[in-house]
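Participant: Numbering (numbering that gives the first Met the number 0), first residue to last: 0 to 585. Where a beta carbon is used, it is the ideal one built from N, C-alpha and C, also for glycine. Would you mind keeping the following structure in view while I ask a few things?
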Amino acid sequence: MRATQLHIVTYRNDPADAEITSHRLMARAGYIHKISAGLYVYGPLLWRTLGKIKAIVREELSRVGGQEVQLPIMQDQALWERSGRWEVYQASRTMLTTTDRRATTFGLAPTAEEVVTDYADATVKSYKQLPLSLYQIHTKFRDEIRPRFGLMRVKEFIMKDAYSFDIDEAGLDASYEAYRKAYVRIFQRCGLEAFGVDADPGDIGGSGSMEFMVAADAGEDAILIEEGGDYAANVEKASSRIEPSPSQGEAPRPMRRESTPNIRTVAQLEGFFPEISADRMVKTVLCRAVHIDREVPWAVLIRGDQDVNEVKLRNHTGGLSIEMLTDADIVKLTGAQPGFAGPVDLPEAFSVVADESVRGMANVLCGANETDVHLLDVNLGRDCPMPEFADVRTARVGEAGPRTGAPLVERRGIEVGHIFKLGTKYSAAMGASFAGPNGKPTPFVMGCYGIGVSRVAAAAVEQQSDDRGIVWPIPIAPFEVVVAPLKVQDDAQRGAAEGLYTELAAAGVDVLLDDRKMGAGAKMKDCELMGFSIMVVVGRGLAASGTVEVRNRTTGDEKVELPLADVVTSVVEMVHAGRRGLLPKG
RNA sequence: CGGGGUGUAGCGCAGCCUGGUAGCGCGUCUGCUUCGGGAGCAGAAGGCCGGAGGUUCGAAUCCUCUCACCCCGACCA
0 MRATQLHIVT
10 YRNDPADAEI
20 TSHRLMARAG
30 YIHKISAGLY
40 VYGPLLWRTL
50 GKIKAIVREE
60 LSRVGGQEVQ
70 LPIMQDQALW
80 ERSGRWEVYQ
90 ASRTMLTTTD
100 RRATTFGLAP
110 TAEEVVTDYA
120 DATVKSYKQL
130 PLSLYQIHTK
140 FRDEIRPRFG
150 LMRVKEFIMK
160 DAYSFDIDEA
170 GLDASYEAYR
180 KAYVRIFQRC
190 GLEAFGVDAD
200 PGDIGGSGSM
210 EFMVAADAGE
220 DAILIEEGGD
230 YAANVEKASS
240 RIEPSPSQGE
250 APRPMRREST
260 PNIRTVAQLE
270 GFFPEISADR
280 MVKTVLCRAV
290 HIDREVPWAV
300 LIRGDQDVNE
310 VKLRNHTGGL
320 SIEMLTDADI
330 VKLTGAQPGF
340 AGPVDLPEAF
350 SVVADESVRG
360 MANVLCGANE
370 TDVHLLDVNL
380 GRDCPMPEFA
390 DVRTARVGEA
400 GPRTGAPLVE
410 RRGIEVGHIF
420 KLGTKYSAAM
430 GASFAGPNGK
440 PTPFVMGCYG
450 IGVSRVAAAA
460 VEQQSDDRGI
470 VWPIPIAPFE
480 VVVAPLKVQD
490 DAQRGAAEGL
500 YTELAAAGVD
510 VLLDDRKMGA
520 GAKMKDCELM
530 GFSIMVVVGR
540 GLAASGTVEV
550 RNRTTGDEKV
560 ELPLADVVTS
570 VVEMVHAGRR
580 GLLPKG
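Here's what the structure looks like:
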């Protein structure tokens, strides 16, 4: 393609609202144009990149038996009510809705489990038709609390969503594993450093899930990785081993009360009782689990030096979300000012859970549910009922990992994919079944698998750019190579560039000829901004020594002067190497 | 949803406090010169100052309402 035939839109100024690299560069290079908050025009260059990502996704999903389909974006309320997800998404307000002229309400697809499950129910009659794996690449909608960061967090985006249907759990395990491997290959082929991590299933639900993260400092997610091990998990999900409390195994002492005027926090308590360290205290976090139809107050017991993980807690309570109690609520429900809550004589209204860090602690310090009073040498099970235990603690950097015990380190990442074992969550709720080998109706055992296609593009820029602009990995670059004659009025330069362009195109290279008439400096800056990683610069070297310049920005901006005759061979080789992305050799 | 901020030419901004009919840089168009790191000179086009109402002889500027956009927050006893 010729640059004069391409709608190129570049700006010398950064857009005023761009905070992160990918937003700034994609806006400046004309890949995106904002129409309103969280809604963008995808320009021709971005569309080419998205097309390449989609092609890789299609090839890899075909390899594991995925069949491409297209499902409606508008999905009626009644369908979603059958799975129970309508209320969930109304409560979290993440679904955009619209109505038709008859006032039927539709949700705009955030994902499509209901539709695809209904489709499978209607069209799959026998276990002999299974396993079945369907996917689509389509627009998805989320009413984000706060759209931001360019393409990273938007109201409307392109997603690949896939769904597997199996006869039983073993079948699901196989499908899930096939998708997991396909995902690893997809991101490798895109040329992105990505990794899978244990994750929380969130609103989608299900028994197991893994997120795929593109490593990038600007990532919104924090990942904890076991150094040298294979454990990696989102902080929302991560667990760790911590040193047991020094109070473990102590002989119980009698409980006693102490006046602690205006001493409310663990830090203040450590000052007030210098001989008692935080890991001998139990703090009591008061909150409520919000369900669709009710709210349940919870008291969470956790060791004084640890923090509650809200996501783990939400999952434990089964609620949609967790909210901290207000000071007024605490006074009303416990009769004490904030800072003095504890497990002893806690009002019955509270459901109670204790974090595993509390298990086995003896003679602990905690609040007394009375303003300005704490209790010492409390023993759970003796001074109050023994609570149930669960892991509701936030794992932290430096703690020992759960597998090998090696220290956890933090990396940041951008979530670009998420796979889930749904099991029969949707098929059972919606009555979607097939005739099993025994002739009886059997619910589908399902998995679902998403990739944020447009976010992959943004994540790639976030991961791979330099101070001059985007540096696309070759497999997803809008063009693999740009041939840029610096002075198009010069017949020799123009002729040589045209020749290279024709030969490269004939060799199967996706090449752009930058035949725009503009200053040499401006042209090179523009090409660098737009992210053309392999540049063939035809300039004064041609007349001087019969050479042109080839540079590969993906490998550190090395530039080499090559005789005109050697350029095609060299560039083709470079392109072939680049096309492999990060796939391992062989 | 709470707090703060901003809407003026395609992009980035000044002008507003102290009312007098709109300006700068970049970009765009025309011509000439230039031609390897965002060229120079000359000329030109482009904005009912987010919208509605009000005050005033007169409003980008003051007042009211409204819409949009941006940032921060929505937290642990």
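1) Taking the CB atoms as reference points, tell me whether Arg613 and Ala399 lie closer together than 7 angstroms.
2) Three-state secondary structure (DSSP) at Thr441?
3) Can you give me the Cβ contacts of Ser174 inside the same chain, cut-off strictly under 7 angstroms, excluding the 5 residues immediately before and after it?
4) On a CA-only basis, which of Ile72, Val352, Ala26, Val56 is nearest Leu312? Give me that one, please.
5) Can you name the residues that DSSP bridges to Arg147?
6) Rounded to whole angstroms, what's the CA-CA distance from Gly438 to Lys124? Just pull it up for me.
7) What separation, rounded to the nearest whole angstrom, lies between the Cα atoms of Arg411 and Arg287?
8) Please report the straight-line C-alpha distance between Leu528 and Arg27, rounded to a whole angstrom.
9) What are the boundary residues of the alpha helix (DSSP H) that includes Pro386?
10) Is Ile72 helix, strand or coil when you go by DSSP?
11) In three-state terms, what does DSSP make of Arg293?
12) Given this structure, state the Cα-to-Cα distance separating Arg101 from Pro109, to the nearest angstrom.
13) Given a threshold of 16 other Cβ atoms within 10 Å of its Cβ, counted over all protein chains shown, does Arg279 qualify as buried or as exposed?
14) Between which two residues does the alpha helix (DSSP H) containing Cys526 stretch?
15) Using only the alpha-carbon positions, how far apart do Lys522 and Ala483 sit?
16) Report the rounded CA-to-CA distance for Leu421 versus Ala564, giving the unit in angstroms.
17) In chain order, what are the residue ranges of uninterrupted alpha helix (DSSP H) at least 4 long that sit wholly in the segment 41-115?
18) Use the C-beta contact count for Ile291: other C-beta atoms within 10 angstroms, 16 or more gives buried, fewer gives exposed.
19) To the nearest angstrom, report how far apart Met0 and Gly498 are at their CA atoms.
20) Comparing alpha-carbon positions, which option in Ala2, Met385, Met151, Val470 lies nearest Thr554?
21) If we call anything under 7 angstroms between Cβ atoms a contact, is Ala458 one with Val415?
22) Assuming the contact rule is C-beta atoms closer than 8 angstroms, Val396 and Leu407 should be a hit. Round their C-beta distance to whole Å, please.
23) Which residues share a DSSP beta bridge with Lys420?
24) If we call anything under 7 angstroms between Cβ atoms a contact, is Ala340 one with Gly366?
25) Count the other CB atoms within 10 Å of the CB of Tyr10; is the residue buried (16 or more) or exposed (fewer)?
Facilitator: Quick look at the numbers:
1) The structure shown has nothing for residue 613, since the chain only spans 0 to 585.
2) Within the first sequence, numbered from 1, the residue matching residue 441 stands at position 442. It is a strand residue.
3) On the first sequence, residue 174 is found 175 positions in, with the first residue counted as 1. Closer than 7 angstroms at Cβ, skipping near neighbours: Pro130, Ser132, Ser163, Asp165, Gly446.
4) Taking the first sequence and counting its residues from 1, the one referred to as residue 312 is at position 313. Selected option, being the one with the closest Cα: Val352.
5) For the purposes of this step, residue 147 is identified with residue 148 of the first sequence, where counting begins at 1. Partner(s): Arg152.
6) By one-based count along the first sequence, residue 438 stands at place 439. By one-based count along the first sequence, residue 124 stands at place 125. Computed Cα separation, rounded: 11 angstroms.
7) Taking the first residue of the first sequence as 1, we reach residue 411 at position 412. Taking the first residue of the first sequence as 1, we reach residue 287 at position 288. The alpha-carbon atoms of Arg411 and Arg287 are separated by roughly 30 angstroms.
8) In the first sequence, the residue the question calls residue 528 occupies position 529. In the first sequence, the residue the question calls residue 27 occupies position 28. The straight-line gap from Cα to Cα measures roughly 8 angstroms.
9) Here residue 386 corresponds to residue number 387 of the first sequence, with the count starting at 1. From DSSP, Pro386 is part of no alpha helix (DSSP H); its letter is neither H nor E.
10) Position 73 of the first sequence, counting from 1, holds the residue named residue 72. In the structure shown, Ile72 sits in coil (DSSP, three-state: anything other than H, G, I, E or B).
11) One-based indexing of the first sequence puts residue 293 at position 294. DSSP places Arg293 in coil when its eight states are reduced to three.
12) Counted from its first residue, the first sequence places residue 101 at position 102. Counted from its first residue, the first sequence places residue 109 at position 110. Distance between the alpha carbons of Arg101 and Pro109 is about 23 angstroms.
13) If you number the first sequence from 1, residue 279 lands on position 280. So Arg279 counts as buried.
14) For the purposes of this step, residue 526 is taken as the residue at position 527 of the first sequence. From DSSP, the alpha helix (DSSP H) with Cys526 extends over 519-529.
15) Within the first sequence, residue 522 is the residue found at index 523, counting from 1. Within the first sequence, residue 483 is the residue found at index 484, counting from 1. Taking the straight line from one Cα to the other gives about 8 angstroms.
16) The sequence position of residue 421 within the first sequence is 422, counting from 1. The sequence position of residue 564 within the first sequence is 565, counting from 1. Rounded to whole angstroms, Leu421 to Ala564 spans 58 angstroms at the Cα level.
17) 43-62, 76-82, 84-91
18) Sequence index remark: in the first sequence, residue 291 carries index 292 (1-based). By the neighbour-count rule (16 or more Cβ atoms within 10 Å), Ile291 is not buried but exposed.
19) Residue 0 sits at position 1 when you count from the first residue of the first sequence. Residue 498 sits at position 499 when you count from the first residue of the first sequence. Those two C-alpha atoms are separated by around 13 angstroms.
20) As a working note, residue 554 is residue 555 in the first sequence. When only C-alpha atoms are compared, the closest one is Val470.
21) Taking the first residue of the first sequence as position 1, residue 458 is located at position 459. Taking the first residue of the first sequence as position 1, residue 415 is located at position 416. Yes, they are a contact pair.
22) The count along the first sequence starts at 1 and reaches residue 396 at position 397. The count along the first sequence starts at 1 and reaches residue 407 at position 408. Rounded, the Cβ-Cβ distance is 6 angstroms, consistent with contact.
23) Numbered from its first residue, the first sequence carries residue 420 at position 421. Paired residues: Gly207, Gly446.
24) Within the first sequence, numbered from 1, the residue matching residue 340 stands at position 341. Within the first sequence, numbered from 1, the residue matching residue 366 stands at position 367. Result yes, Cβ atoms of Ala340 and Gly366 sit closer than 7 angstroms.
25) Against the first sequence, residue 10 aligns to sequence position 11. Classification for Tyr10: exposed.
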